[in-house]
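The structure appears below as C-alpha cells.
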Amino acid sequence: MGKRHIMRSSTGLVEIIGLTEKFKFNPKEGIDNPVMVITDDADSVSTPSPRLCVLKREEGESYGFHLRVEKGRQGHIIRNVVSGGVASRSGLQDGDRLLEVNNSYVDDVPHPEVARKIKLSGHQLCLLVLNGEEYERALSRGQDLRDLTRAQKGEGCKPPRFCHITRDPISGLGINFTPVEGEKGRFSVNLVAGGAAEKAGVRKGDRLVWMDGATVSDLTHSALSRMMKKCGSSITILVTDSESEQNYIRQRIPILPTIAVPHNLPYRARKLHLVSGSEGYGFLLRLEKAPSGRNFHVLREMHSGSPAERAGMKDGDLLLEVNGESVESLKHEEIVDRVRLSGQQVSLTTITLQGLEFYTKLGLSPLLFCEDDADERVKESSTPAAAAEPSPQEETDATCKPRLCSLRKGPLGFGFNLGCVPHTPGTFISQVAFGGAGQSAGLRMGDVVMEVNGQNVEEKYLEDVIMLVKDGGHFLSLQVMDKADYNKLKKTDTLTRNNTDSEQEDENYEISCL
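According to our numbering, the residues represented by the sequence shown are 21 to 534, in order.
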C-alpha cells in the first residue's frame, strides 16, 4: 500500500500519496536500495520485431504500395498499400518503416536511392520492415536499427555470387552439378581445378541457385543437363555456399541476383560524370532504331578532347539514365531538356547494345551491376601504371571533382549552416557542427553547394536551396566541391568575391539546416 502524507502550504492542505513501486531482486546488485530495480512493463522492454515481406509480381503488374518521406516523421514510410495487391498479400502494412531492400540496409540511405533499388528489383522484391510504432519507440530509446536487422538475420548469410563463365577451348566450362540427396531442386557444384568456372568466382561445394535466367529449384537434374548442353560458349549462374543457403532458407529470404556480388561479368553499365566546357559537353544524342526494331537513345560523335571523351564516353553507347533518372519512358526532347537543365555538370549512365541484350536475355535490369566511372578511375590511379607525373591539365581534372555527401537528420539536425553572398545566386557551407551529420558525411566549411537531392542549384538563390533541403525530409543528398577547386573549374572567381569573404562575413545571409 502507499503512504499518505498531509502537508500545509500557503494555499491550504496538499495531499501527497507515495506509491510503493514493484521491484525485482537481483543478487548481483544487493539489497541496499531494492526499490531502484524496477520491474518494467512488458511493452517497454519488448524487442522490436522486423518482418520480412517477399513480393512477387507478374509482367505489367505493380507492387501496389507507395514509399514516402513525410514531414515530422523519420524513416522511409510505406503508404497506400492496395487491398488485395502484391504488397498487401506479402504482409506489408500502411505506416511500416523500411529497413532493408534485398538484404541491403537502407534506413540511412537517401530516398531517391532507395526508390531506385526497388525499381531495379524486377519481378521479385525482398523488404525488411518494422511496424511504425515499434520504429518510433526504438528510435526514442536510442536503439541501433542496423544491429536490429543483424540480430534478425543472425550470422552466416554471405551474399551470393553472380558469375559469368566463358567456355575454355580445352577444358570447357569446368563445372558440373550433382543433385543434393533427398532434397528436390537443389544441386551441388563440382569444379575442374583451375578451370573456367573456378576462375569466374565459383567455389568447390557451392550450391547452384539460378542459371541463365531460370531458378533451378524448378528444374530436374535432366532438365539442368539439357540447359548445360544448349548454353553455347558461356553460362551465367548464381551460386552460394551451403551454409549460407541453409540460413537463407531458414529465414525464408529468397536468394536473388539483386543481392549478389558480380564476378567476371562481360558487360556492365557505366556512370559517367561530365563537367561542361566552353563548347558544352562535346557529344551528340540521337534516337536510332536497332536491328530488333526497338528505338534507343544513342551517344555519338564525341569531340576530341571534349568533356565527353575525357569522361570515357564511347561512340554507339546507349543512354540509360540522366542524373539517376531512367530515360526509358522519356521522349528525345525531354532527355535533351534534362541535360540542359543540369547546368554545368551532368551524370550519364550508359551501356553497349550487346550489354543491354545480355541483361535482357537474363531478365535483369542493365543497371543492376552499374559501375561508377569515377570510382574506377580512382582505383586505376592507385596502380603503379598510373604513377607517372601528371600534366597540369590532368592534375586539375583529378582534383577538381565534386563530392557526393549523403546525410540523415540527427540530434543536431543536418549539422551545417548555409550561407550566400547577398543578392547573388549560389550557396556555400558556412559552418559544420562538430559530431553532426554534415561532418560525418564529409562536408567542409567553405564547400560550394552544386546539387541538392540531384537538382542543380548553382544558379539558385539561398531561399530556393533551403526549400529543396526541407522538401527532402529527414534525408539529404548534397553534391559539393571545395571552393578553390570550384573556382579553378569555372575559371572565374565569382564566389570568392575578390577573396574578401572574411571581411564580408557580417553581410552574408545564413540559415541553419536543422
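Every residue gets a Cβ at the ideal spot worked out from N, C-alpha and C, and that includes glycine.
M247: member of the alpha helix (DSSP H) spanning 241 to 250, first to last residue.
Fully enclosed alpha helix (DSSP H) runs of no fewer than 4 residues occupy 457 to 461 of the region 434 to 461, in order along the chain. For the 9 Å CB-CB criterion, D238 and G205 form a contact. Taking a 10 Å sphere around the C-beta of Q499, we find 16 or more other C-beta atoms and assign the residue as buried. Just so you know, the alpha carbons of K381 and L488 end up roughly 40 Å apart.
Taking L112 as the centre and dropping the five residues before and after it, the same chain places the C-beta of C73, L75, F85, I98, V101, L147, V149 closer than 8 Å to its C-beta, in chain order. Within the model, the alpha-carbon separation for R88 versus S110 is close to 19 Å.
Listed as beta-bridge partners of V485 by DSSP are no residues whatsoever.
In the DSSP annotation of this structure, K508 is not part of any beta strand (DSSP E); the continuous alpha helix (DSSP H) holding it starts and ends at 503 to 510. One Cα belongs to E120, the other to H96, and the distance between them is close to 10 Å. Put simply, the backbone Cα of S82 is about 22 Å away from that of A234.
DSSP places G375 in the helix class (H, G or I) of the three-state scheme.
Here M322 has G302, F303, A328, E329, M333, D335 as same chain residues with Cβ atoms under 7 Å from its own Cβ, once five neighbours each way along the sequence are excluded. Minimum Cα-Cα distance from R314 among the listed residues S349, V356, L211 corresponds to S349.
For the pair V209 and G325, the Cα-to-Cα distance works out to about 49 Å.
If you compare the alpha carbons of Q475, F436, C425, V468 with that of L361, the shortest gap goes to Q475.
The beta carbon of S108 is closer than 7 Å to those of G84, V101, V102 in its chain, skipping five residues each way along the sequence.
A direct Cα-to-Cα measurement between K250 and G162 gives close to 56 Å.
Spanning the alpha carbons of I195 and S242 requires a straight line of approximately 16 Å. Going by DSSP, P327 is part of no beta strand (DSSP E) but of the alpha helix (DSSP H) stretching over 327 to 330. Counting C-beta pairs closer than 8 Å gives fewer than three between the region 187 to 201 and the region 135 to 145, which falls short of the contact rule. D167 and A453 have their C-alpha atoms roughly 26 Å apart. Between V468 and E479, the C-beta gap is not smaller than 9 Å, which leaves the two residues out of contact. When the Cα atoms are used, R117 and E308 turn out to be separated by approximately 43 Å. Taking all protein chains shown into account, P286 has fewer than 16 neighbouring C-beta atoms within 10 Å of its C-beta and is therefore exposed. As far as DSSP is concerned, L388 takes part in no beta bridge. Fewer than three Cβ pairs drawn from the region 150 to 157 and the region 353 to 367 lie within less than 8 Å of each other, which leaves the two stretches out of contact. Taking every protein chain shown into account, the CB of A504 has fewer than 16 other CB atoms within 10 angstroms, so this residue is exposed.
For C183, DSSP records a beta bridge to I257, H283.
S160 sits exposed, since fewer than 16 C-beta atoms from the chains shown fall within 10 Å of its C-beta. Distance from the Cα of E203 is smallest, within the candidate group E218, C183, L228, D114, for L228.
Closest by C-alpha distance to L258, out of V472, F182, R93, is F182.
With a beta-carbon spacing of about 34 Å, V318 and P179 fall beyond the 8 Å limit used to define contacts. Spatial neighbours of Y268 in its own chain (CB-CB distance under 8 Å, excluding positions within 5 residues in sequence) are listed in chain order as C177, T260, P274, I275. Setting aside the 5 residues that flank it on each side, R358 is surrounded in the same chain by V342, each with a C-beta closer than 6 Å to its C-beta; the list follows chain order. Here C177 is not bridged, per DSSP, to any residue.
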